[in-house]
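So that you can map any letter, position 172 of the sequence shown is 172 in UniProt numbering, and since no number is skipped, the others follow by simple counting.
Idealized CB from N, CA, C, for every residue including glycine.
Working notes, structure below.
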Amino acid sequence: MAELLRKPFGTHGKVHDITPASAGWRYVGFGLFHLRAGDRAVEVTGDREVILVMVEGKARITGAGQDWGVLGDRMNVFEKSPPHCLYLPNGTDWEATAETDCVIAVCSAPGKGGHAPRRIGPEGITLTERGKGTNTRYINNIAMEAEDYADSLLVTEVFTPSGHWSSYPSHRHDEDDYPRITYLEETYYHRLNPASGFGIQRVYTDDGQLDETMAVSDGDVVLVPRGHHPCGAPYGFEMYYLNVMAGPLRKWRFVPAPEVEWIMERDK
Numbered sequence: 001m002a003e004l005l006r007k008p009f010g011t012h013g014k015v016h017d018i019t020p021a022s023a024g025w026r027y028v029g030f031g032l033f034h035l036r037a038g039d040r041a042v043e044v045t046g047d048r049e050v051i052l053v054m055v056e057g058k059a060r061i062t063g064a065g066q067d068w069g070v071l072g073d074r075m076n077v078f079e080k081s082p083p084h085c086l087y088l089p090n091g092t093d094w095e096a097t098a099e100t101d102c103v104i105a106v107c108s109a110p111g112k113g114g115h116a117p118r119r120i121g122p123e124g125i126t127l128t129e130r131g132k133g134t135n136t137r138y139i140n141n142i143a144m145e146a147e148d149y150a151d152s153l154l155v156t157e158v159f160t161p162s163g164h165w166s167s168y169p170s171h172r173h174d175e176d177d178y179p180r181i182t183y184l185e186e187t188y189y190h191r192l193n194p195a196s197g198f199g200i201q202r203v204y205t206d207d208g209q210l211d212e213t214m215a216v217s218d219g220d221v222v223l224v225p226r227g228h229h230p231c232g233a234p235y236g237f238e239m240y241y242l243n244v245m246a247g248p249l250r251k252w253r254f255v256p257a258p259e260v261e262w263i264m265e266r267d268k
């Protein structure tokens, strides 16, 4: 089993480069660029589709033979404003030139040539409240199942207030048995406010064969190959994460952990 907690390998340039091979799975890839004003990043998609997410800052982006102009207006992710994103199919390339210091996430999964390149957001993305009590969190859906933007990718942002839980009640999506459950690999790119803080994420299976609890720092990525995967923001620290999911079917169906199923039923 590959290590589930991935630290950034630097502060400038490409600081995360998670591939299916390095993760030990089949579908999800995640890259992250920290660019200074004037820096360039260039990549080809190959056999994978990509959603670029402007996490912070502004960049001029060309891709799939088109000039998409300057994307991004959120200078700090905790502004919670809807992100500027760009979908690019497999068999294309892209280039970003930073207009300001910026953070660009590269979400990828197998492409099938079924969708055209397109801008995603900020129009059409609305911050939505989910949950109750200290399970309340706030969602920016970028490309979930209701948005037919991609062949494989499911992408969303989540803001978890200080002292709250998220991806909770605990649930799993690790079997290919639609419509009961779907198999989806998942990455969590975490940010903390203040950045000196920490969060907690547990990844565990019902049989206990996988059971890891991690303290995540600002900029860390957690891999979820299977099992339940709740996370918590300690009092005093707000948590953001960017989720990337993909599997054989672009549907999100999950099963709750037995010990928390009653909470999910109660809070419907």
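- In this structure, the CA atom of residue 3 is about 14 angstroms from the CA atom of residue 215.
- By the C-beta density criterion, residue 167 is buried, having at least 16 other C-beta atoms within 10 angstroms.
- DSSP places residue 62 within a strand segment (E or B) once states are collapsed to three.
- Residue pairing by DSSP places residue 188 opposite 222 and 243 in a beta bridge.
- For residue 150, the secondary structure class from DSSP, reduced to helix, strand or coil, is coil.
- Taking 9 angstroms as the cut-off, the beta carbon of residue 28 is found closer than this to the beta carbon of residue 245.
- Rounded to the nearest angstrom, the Cβ distance from residue 88 to residue 64 is 5 angstroms, consistent with a contact under 8 angstroms.
- Beyond the five residues adjoining it in sequence on each side, residue 254 comes within less than 7 angstroms, by CB distance, of 171, 172, 173 and 181 in the same chain, given in chain order.
- In the three-state scheme derived from DSSP, where H, G and I count as helix and E and B as strand, residue 128 is classed as strand.
- Within the DSSP secondary-structure output, residue 178 pairs in no beta bridge.
- Within 10 angstroms of the beta-carbon of residue 207 lie fewer than 16 other beta-carbons, which makes it exposed.
- Annotation note: the region 16-83 contains the following uninterrupted beta strand (DSSP E) runs of length 3 or greater, listed N- to C-terminal: 29-35, 40-44, 48-56, 59-63 and 66-71.
- If you ignore the 5 residues before and after residue 91, its C-beta comes within less than 8 angstroms of the C-beta of 45, 46, 47, 111 and 113, all in its own chain and listed in chain order.
- Counting C-beta pairs with one atom in each stretch, the region 217-233 and the region 4-17 have three or more that are closer than 8 angstroms, which means they touch.
- For a cut-off of 8 angstroms, the C-beta gap from residue 56 to residue 77 is around 5 angstroms, short enough to register as a contact.
- In the structure shown, residue 144 adopts coil according to DSSP, grouped into three states.
- Rounded to whole angstroms, the separation of the alpha carbons of residue 82 and residue 256 is 29 angstroms.
- Within the same chain, 192, 215, 216, 217, 234 and 237 come within 8 angstroms of residue 198 by CB-CB distance, once the 5 residues on both sides are set aside.
- Under the three-pair Cβ rule at 8 angstroms, the region 154-169 counts as touching the region 128-135.
- Of the residues 248, 176, 20 and 59, the one whose Cα lies closest to the Cα of residue 38 is 59.
- Around the C-beta of residue 239, 16 or more other C-beta atoms lie within 10 Å, and the residue is accordingly described as buried.
- Measuring C-alpha to C-alpha distances from residue 252 to each of 268, 183 and 228 identifies 183 as the nearest.
- Apart from the 5 residues on each side of it in sequence, residue 267 sits with its Cβ closer than 6 angstroms to the Cβ of 132 in its chain, given in chain order.
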